[in-house]
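Protein chains in written order, with my numbering: chain A, 28 to 170; chain B, -4 to 124; chain C, 603 to 1101. The beta carbon of each residue, even a glycine, is placed where N, CA and C say it ideally should be. All values reported here derive from a predicted model rather than from experimental measurement.
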Amino acid sequence: MDNLILKVCTKVLFTPIILFGLYVQFHGDFGPGGGFQAGVIVAAAFILYAMVFSVEDCKVIMPPKLNFFLLALGAFLYGFVGIIGLILGDPYLSYDVLGTTKEAGQHIGILLVEFGVGLTVCNVMISLFYSFANFNFGKKNND
Amino acid sequence: MIDQIFGVWNYWIVFILMMIGLYIVISKKSLLKKIVGLAIFQTSVFLLYITFGKIAGGTAPILTDNVNEIYSNPLPHVLILTAIVVGVATTALGLALTVRINKAYGTINEDEISASDLVEYHEKYLEDK
Amino acid sequence: MMPFIIKNLPILIVITPLMFSLIVAVLNNNRLAWTLSTFASFLTMIFTIFLCFEVSYKSNISYYLGNWPPPLGIEYVIDRISIIPIMIVSVIGLIATLFAHNFFTLEIDEKLVSKTYSLWLLTIAGLIGLITTADAFNLFVFLEISSLSAVALVALGSKVDRKALVAGYNYLILGAVGATFYVIGVGLLYGVTGTLNMGDLAQKIPALGLNKSVIVAFTFMMLGIMVKAAVFPLHIWLPNAYAYAPSPVSVLLAATATKVSIYIIVRISYTIFGSSYEIYSFESLRYILLYLAILAMFAGTIMAIFEKDVKKLLAHSSVAQIGYIVLGISLATSPGIASSFIHLINHALIKAGLFMSIVAMGYYTLKRIDVKTIAGLGRQLPITFFSFVICALSLAGLPLTVGFISKLYLIKAAYMSEGIWLPFLILVSSALSLIYIWKLIEGLWYSKKSLKIEKIRELPEIYLPLLVITFLNIYFGIDAGLIIDNSFIASDALMSGIR
C-alpha cells in the first residue's frame, strides 16, 4: 500500500494508540479497563502498522521471537505473582502480603497481574495476526 | 400470554441464536462455516449469562459514594470475559486448523476431504497388492 | 520448606506443570525442553504422592485460592475420590513424558518440539486442575485448557499423516460444543442458585424442589461432559484423534483424558446432584447410561475386530472399555462405582502399556502401523513384544493381570444389582475382545515378516517406562489391595453424599 496519507497518519497515530492502551491498562484499578482491553488496543497499533506498511516492517519493530517470548512472559508474570504470595506464607494468588497493608498489597498484586494479562493478550493478538497474515492461502502442497 | 413471550425477549434471542449456531455446526459442509456457527453458538451463551447478571434499574458495578445504588451482578460479566477468551482461543485454533487443512487437501469441504482420503486409501491398497 | 509444601499441595500439583510449560515454550533446545518437562512431571508426581499420604489421614483437604473463602472464591478440594484420577494423571504423565522424547524428535518438526512439550505440560496441568477444582465454572476453564492443548497436540501429527488435521478439527468442534453445553448448564444452575461452588450447589439444589431449570441444567452438563468422555454415541471424535496423533500423545490422551471426564460425570451426578437424588431420581438417566454402556461395549469391540490400523483398533477398544467404566457408574450402587474406579485405574495402565509397546514397534514403519506392516516384528523385538502381550492379555482379563481384577469386580457388582443377564453380556464382549487381541498377537509373532527394514533393534531408551507399566500391570493383578481398598473408600464416600 503506497499511500502517503495513510503512512503519515499511521506514524502519527501509532504512539497515541499505545499511550491510550497504557491508560486503559493502568486505569483498570479504579474503573473500566484492564489488561484484556489494553492488550487488544496496543496490539491494534501494531496490526495497523503491519497493514499500512507491511508485515515484514512490523516484524522489524516486533520480531516474532520477541513476540513469543513476551507472550510467555506475561502469563509467567501472572503465575509468578501468585507464587510470591505462596512463598510469603499465604495461599496462591493471595496479594495481601505483597504490600505493607492489605489494600496496598491487593493494589500491587492486581497491578502486576493485569500487566501480565495485558502483555499476554497483546502478544497473542500480534502472533495470531502474524500467523494468518503471511500465510500462503489457496496453494496446495503436501507437507 | 404476551408478557410470557415478549417479556422475556432476551431469552428468546439467546435460544434462537443458540439453535442457529448449532444448526450451522451440524449441517454445513464447509469447515469455515462450522467455526462461524460455533462462534454464534458460544455468543448466545454469553448473552444468556449477561441476562442473568442484569438487575432492573441497576448501573455498572463501580464503587461510588452512593451506598444505596442498585448495581448489576458483576460476576457473570467476569465469567463471560473468561469465556470470551476461551472462545477466541477456540476460533483461532479452528481457523489455524482450517488453513492447514486447506493447504494439505486443497479444499475445506468436508465431503471433498473424505473423498480425497478415500482415494488415498485405495491407492495405498492397490500399492500393497 | 516441608510445611510450606504440605500446606500448598493442592495448588502445587496444578501450577508446577503450568509454570514449567511457560518456561519450556521459550526454549530452543529440544533436549533441555524434554529434561525440564520430565522434571516438572516428576515434581508433580512427588507432590501427588505427598498428597496421597496427606489425604489418607485428613480425608478432605480444601484450599482457598487467594484466601477468598467459598462460595465467593474458588476452592480446590482433594478428597478420597479425587485423589484416584489425580494419581492416574500424574503417574501416566511422568511415564509418558519419559517415553516421549524419541518419538517427538522423529514425528514433529524440529522447530516445534519445545512448543510441543509446552502444550504437553499444559494438557497435564489442565487435566489435574479439572480434577482438583470444586468450582463449576473454573472446571470449564480447565476443560478448555486441556482440550485445546490436546487438539493442538493431535493436529501436530500432520507431519506423518495429514488426516491428523481433520481428526484434530473434529475433536475441536465436538469438544467445543460439549464444553459450551456444559457452560449452558452451569449458567442455568447459577441463575437459580446464585453460586458456582460444587459443595454449595449440592446444599442449595434440594431446596428448589422440582425445578425445570435444574433438570435442564443437569441434562446440559451431563451431555457436554459425555461428549468429552466419549460415551458411546458421542465417541465419533475419539478413534481418529487417537489414531493420527503423534505416538506419545496417543499414550497420554488414551490413558488420561477420557478418564478425567468420566470422573467429572461421577462428580456431577453424585456430588452436585447427589443430595437431591430423590427429587431428580437418577433412575431414568441410570438406565440410559446402562444401555449406552452395553452398546458401547459391543460396538467398540466389533469395530476393533474389523479395523486394520492398529492405533485405531486400540482406540475403538478404548470406546468399549469406557463402556465398562460407565456401566459401573450406571449401576448406582457402591460396589458398582467402586468397580468403575478400579477399571478407571486399570484401563489407564493397560492402554498406556498397549499404546507404548505398539508405537515402539511402529517406530520403524512410522507412517501406518497396520496389521500387515508390523507382521513378524514381535520376534525381532522380544522385550517390547513381551510388554505388549502382558498388556493385551490384561485387556482381555486374564487372571494375574489387572484386567482380571476389574472384570471380576464389575461382574460381581452387575450380578448383585441387575441379575444374571448383565454379567453374561460382559463376558460375551470380553470374549469378543479376545478376537482382536489374538489378531494382533498372531500378526506380530506367527506371521512372516512382510516389511524389509534394515537393522531393526530394540529401543533401550523406552525400556524404563514400558517395563514399569508392564510391571504395574502384573503387580496390581496379584496384589490389588491398594486399588480395591481405595476404590471402595471413594465409592462409599460418594454414596454417602446421596440422601
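- Chain A places a beta carbon closer than 8 Å to that of L76 of chain B, counting this residue as a contact.
- A distance below 6 Å between beta-carbons, with the five flanking residues on each side excluded, links L26 of chain B to the following residues of its chain, in chain order: T93 and I103.
- Around the C-beta of Q37 of chain B, 16 or more other C-beta atoms lie within 10 Å, and the residue is accordingly described as buried.
- Counting along the chain, the unbroken beta strand (DSSP E) around Y678 of chain C starts and ends at E677 to D681.
- Take the alpha-carbon of G62 of chain A and the one of A99 of chain A: they are about 15 Å apart.
- Residues of the stretch 76 to 91 of chain B whose Cβ lies closer than 9 Å to any Cβ of chain A, in chain order: L76, I79, V80, V83, A84, A87, L90 and A91.
- For T54 of chain B, DSSP records a beta bridge to B:Y66.
- Straight-line spacing of the CA atoms in M152 of chain A and M604 of chain C works out to 41 Å.
- Residues of the stretch 771 to 782 of chain C with a Cβ closer than 7 Å to any Cβ of chain B, in chain order: Y771, L774, I775, A778, V779 and T782.
- About 4 Å separates the CB atoms of S941 of chain C and Y1011 of chain C; that is less than 8 Å, so the two are in contact.
- Here the alpha carbons of I726 of chain C and G796 of chain C stand approximately 31 Å from one another.
- Between V144 of chain A and G101 of chain A, the C-beta spacing is below 8 Å.
- Where N5 of chain B is concerned, the enclosing alpha helix (DSSP H) starts and stops at W4 to S22.
- Neighbours of M621 of chain C in chain A, taken as residues at a C-beta separation under 8 Å, are given in chain order as F103, G106, F107 and I110.
- Taking all protein chains in view, the Cβ of F1026 of chain C is surrounded by fewer than 16 other Cβ atoms within 10 Å, so the residue is classified as exposed.
- For a cut-off of 8 Å, the C-beta gap from M958 of chain C to P1067 of chain C is around 7 Å, short enough to register as a contact.
- Within the stretch 31 to 49 of chain B, those residues whose Cβ lies closer than 7 Å to any Cβ of chain C are, in chain order, L33, F36, Q37, V40, L43, Y44 and F47.
- Not flagged as an interface residue toward chain C: A51 of chain B, since no C-beta distance is shorter than 8 Å.
- Per the C-alpha coordinates, the member of A:G106, A:L125, A:G112 and A:F159 positioned closest to T147 of chain A is A:G106.
- Across the structure, I0 of chain B and V31 of chain B are spaced so that their CA atoms are roughly 28 Å apart.
- The stretch 941 to 954 of chain C makes no contact with the stretch 1017 to 1037 of chain C, as fewer than three CB pairs between them are under 8 Å.
- Residues of the stretch 32 to 52 of chain A with a Cβ closer than 9 Å to any Cβ of chain C: none.
- As DSSP reads the structure, I663 of chain C sits in a beta bridge with C:I680.
- If you draw a straight line from the Cα of K861 of chain C to the Cα of M824 of chain C, it is about 15 Å long.
- At a cut-off of 8 Å, the C-beta of S158 of chain A has a neighbouring C-beta in chain B.
- The beta-bridge partner set that DSSP reports for N799 of chain C consists of C:D737.
- Counted as a single uninterrupted DSSP element, the stretch harbouring M603 of chain C is not any alpha helix (DSSP H), since DSSP gives it neither H nor E.
- When Cβ-Cβ separations below 8 Å define contact, I786 of chain C makes contact with chain B.
- For S154 of chain A, the nearest beta carbon of chain C is not closer than 8 Å to its own beta carbon.
- Any Cβ of chain A closer than 8 Å to the Cβ of Y846 of chain C would place that residue at the interface, and such an atom is absent.
- Proximity of L27 of chain B to chain C, defined by a Cβ-Cβ separation below 8 Å, is not satisfied.
- Secondary structure of D29 of chain A (DSSP, three-state): coil.
- DSSP places Y846 of chain C inside the alpha helix (DSSP H), whose first and last residues are W839 to Y846.
- By a beta-carbon distance limit of 8 Å, A922 of chain C contacts S1031 of chain C. Their separation comes to about 7 Å.
- Annotation: T85 of chain B to I1086 of chain C spans about 39 Å, alpha carbon to alpha carbon.
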